[in-house]
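Residue numbers (my numbering), protein chains in the order written: chain A, 1 to 436; chain B, 1001 to 1436.
Shown next as structure tokens:
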């Protein structure tokens, strides 16, 4: 198999696709090198790709000191620049985090490859055999903040799905990311794959990031991993296709027939088990007929959570602050919960329609009809009956691994696993059929 | 089931989603009315939706005169404005075209609904039952040129998949489109669905079109149906998610082991059967070792086709004009064919990599290894072995109907049928599970 991008036909002198643009500069050039490598990676066997990922795990384990040294440089600089505790926690690696990165890579390597899966197939009356086959996307772009563990996590998932990866981490993590990517590139070469199957954009300027988001014909799918501002920047600037890992303004609705013990457990878990993540709840909706019984007990249970509520809530919970329109529309990502008393399931569904971000929505109910109405009428990536929204996660739902949770509807919705890093190709076999 | 968008909870006074924007003006207002209707359509039974589509077919049949009268107004105006023959042909309706519209609607109504399909599902070790369920996208936006038959075709497919539809046809067809949409809206109401499940943007200005392409939070998926300029306008302006029905710069590669009789049939069919459409071929690639035998005979067969070729082609076909780089990059959509002689499959694959638009690519070969290499290495929506590229079409491949052929990789690739007008929702059932 020839892997050279140059071609021998007639007048063609350059191997690059005419659609890949002619933009000069380091960002486009880096992207084009990843694009060239993507052709090799896409048609390598899954055994070769898995071998590379295993080499990555070995290298990260063997050279953990290199990574930790580089990380210390980043951390020192960040401390000097006055980075806050949350930022530093995300930036800092330690032995345990390296082990998690290594373990993550080994698990991804051991998963079945999504590439080549025949999704479905059939035979036409004229004998044409039609198959829809899962194939790599090509070049996955990942733009992320602080956390350097995303570097190996994202590259591992992307390569497993047969793609090259173009990474753009934050300036604060540049030494760490460079050290990790150097190991990944070495591993690719020793596995017989091109080093450019993983490239890191070392220019961490905003200008370069915008250029990255606009590499049409080069980046097949851009995935932002980070906060609201990063996502908004992608929405504003990206001209390449992207999948948004958006806000999670999630709700729990406690229906009139709910098992209130169960509802209390689920509310506490969905709010407090890890309040800073997207699949935690931000608003509790309670059916008016159980508000007297449920609100005082759940308020006692939500120790440390600031409650804000509408008038009907505050009649039952005098300590709750008044909720503003803004409160209902906000993903707090912390120990604050908006509460509203609703007249019934219709009102709960309408509240979620108005304020929800389409991430994860849950109901607690014993009523089959209510569960059915909620799951069919609430338009979100995930709807959950009688369980915590915290389960809406690739790992917890059994996808094996995830690169994010999509809140958009096209291509991927909900937890994005390996399958969402691929696309479909129609493969049609005939024996001379022509159309009449 | 309450279908009102207003809610009864606490302080909420408006039923519209906070994410649907506050843009004033007729375009946004029209979009919001479709969005409200989309909630009703999405949860109506498929029987009710099918009933509406059947009423549409009946109404178009019964009131064909109204549509034809309106169309005559459009055609007269277009003639006065000096529209060319191709444009007029696309704009003009007649009895046969109305019958085709009616038949199309009846066929769509009779197809199985894609909504509610459980795509897959499994049970987690903790007992959580996970299902991925096919659900409507919400509001499908369609922007199209001239052809008024798209009005009923697109609305029918969209409603079948549980969506509301926002249409923007060209100014030249406004009277026809308005007449059709009036019938569709009447049909919705008499089927018990809201009229706003189909809305037509009657302001056909460019400004209104751009506003349409930017209705974030309202339009879930925008589908342009038209030429290169329309597609480029969507790429440039759209901020809502879209699926591009892009160019088809398609190739046929005649391998060294090809059955040359078959190759000749396929080349003629793929070029000449309907040269103006996206799945016709624009370039013929011929293995050097069969060029002497194949080129003269295929040239004789391609009566009326202007051939342009590289030097190696022109040695065999002295009448062929020299091909420019531009020729290989162009979708001619007419009786012109670029030809190149290549050293083998690698060179053919590389030529397609460089010039192809990712639509449909075909090989004629008797060699299993060549067929495998071609289908695995050519990155296009569809790869075809020993058959005409003209089969790459929703109807011909057995999807039952199509709203376009996607040349993008995310969400939909290749012919887009009903399934591509839906998305996925995770539905998770538990019995009190919380995350530890």
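Where a beta carbon is used, it is the ideal one built from N, C-alpha and C, also for glycine. As the structure is a computational prediction, the values presented were derived from the model and not from experiment.
Item	Value
Nearest-angstrom Cβ-Cβ length linking residue 42 of chain A and residue 136 of chain A, presumed shorter than 8 Å	4 Å
Cβ-based neighbour list, residue 1050 of chain B, same chain, cut-off 7 Å, excluding 5 preceding and 5 following	1109
Interface partners of residue 1241 of chain B on chain A, CB under 8 Å	408, 409, 410
Segment limits, beta strand (DSSP E) that includes residue 431 of chain A	422-433
Contact between the region 1142-1157 of chain B and the region 1219-1235 of chain B (3+ Cβ pairs under 8 Å)	yes
Counterpart residues of residue 406 of chain A in DSSP-defined beta bridges	A:414
Residue interval of the alpha helix (DSSP H) (run including residue 442 of chain A)	The structure shown does not extend to residue 442 of chain A, since chain A spans only 1 to 436, so no value can be given for it.
Residues sharing a beta bridge with residue 1361 of chain B, DSSP	B:1251, B:1383
CA-to-CA distance, residue 1397 of chain B to residue 124 of chain A, given in whole angstroms	7 Å
Close-in-space but distant-in-sequence residues of the same chain around residue 1251 of chain B (CB under 8 Å, 5 per side omitted)	1281, 1282, 1283, 1284, 1285, 1348, 1351, 1352, 1355, 1356, 1361, 1362
Min CB distance residue 163 of chain A to chain B below 8 Å	no
Any C-beta of chain A under 8 Å from that of residue 1266 of chain B	yes
Segment contact flag, the region 365-372 of chain A with the region 303-320 of chain A, C-beta cutoff 8 Å, min 3 pairs	no
Entirely enclosed alpha helix (DSSP H) segments - the region 125-167 of chain A, minimum 4 residues	149-160
Beta-carbon contacts of residue 153 of chain A that lie in its chain and below 6 Å, excluding the five residues immediately before and after	104
Interfacial residues, the region 1035-1054 of chain B to chain A, with Cβ spacing under 8 Å	1039, 1042, 1043
Distance CB(residue 1337 of chain B)-CB(residue 1307 of chain B) smaller than 8 Å	yes
Under 8 Å between C-beta atoms of residue 1151 of chain B and residue 1180 of chain B	yes
Straight-line gap, residue 72 of chain A to residue 1416 of chain B (C-alpha atoms, nearest Å)	51 Å
Residue of B:1266, B:1430, B:1427, B:1331 minimising C-alpha distance to residue 1390 of chain B	B:1266
Cross-chain neighbours of residue 1426 of chain B in chain A, by beta carbon under 9 Å	360, 380, 381, 382, 383, 384, 392, 397, 413, 414, 415
Partner residues on chain B for residue 233 of chain A, Cβ-Cβ distance less than 7 Å	Chain B residues near residue 233 of chain A: none, gap ~14 Å exceeds 7 Å.
Nearest to residue 118 of chain A (by Cα), restricted to the options A:289, A:431, A:426, A:300	A:426
Unbroken stretches of the alpha helix (DSSP H), 4 residues or longer, contained in the region 166-231 of chain A	174-190, 206-213
Residue-chain proximity (residue 1377 of chain B, chain A), Cβ-Cβ < 8 Å	yes
Which residues DSSP lists as bridging residue 1322 of chain B, in chain order	B:1309
Three-way DSSP call (helix, strand, coil) for residue 1123 of chain B in this model	strand
Beta-carbon proximity check, residue 209 of chain A vs residue 74 of chain A, cutoff 8 Å	no
Proximity below 8 Å, CB of residue 333 of chain A to CB of residue 373 of chain A	no
First through last residue of the beta strand (DSSP E) which encompasses residue 1340 of chain B	1336-1342
Straight-line gap, residue 401 of chain A to residue 214 of chain A (C-alpha atoms, nearest Å)	28 Å
Interface residues of chain A facing residue 1128 of chain B [CB-CB closer than 7 Å]	387, 391
DSSP three-state assignment for residue 1392 of chain B, whether helix, strand or coil	coil
Chain-ordered neighbours of residue 248 of chain A on chain B, where CB pairs are closer than 7 Å	The premise fails here: residue 248 of chain A is roughly 13 Å from chain B at the closest Cβ pair, so nothing lies under 7 Å.
Residue from A:392, A:419, A:387, A:422 with nearest C-alpha to residue 1429 of chain B	A:387
Beta bridge counterpart(s) of residue 1242 of chain B as assigned by DSSP	B:1222
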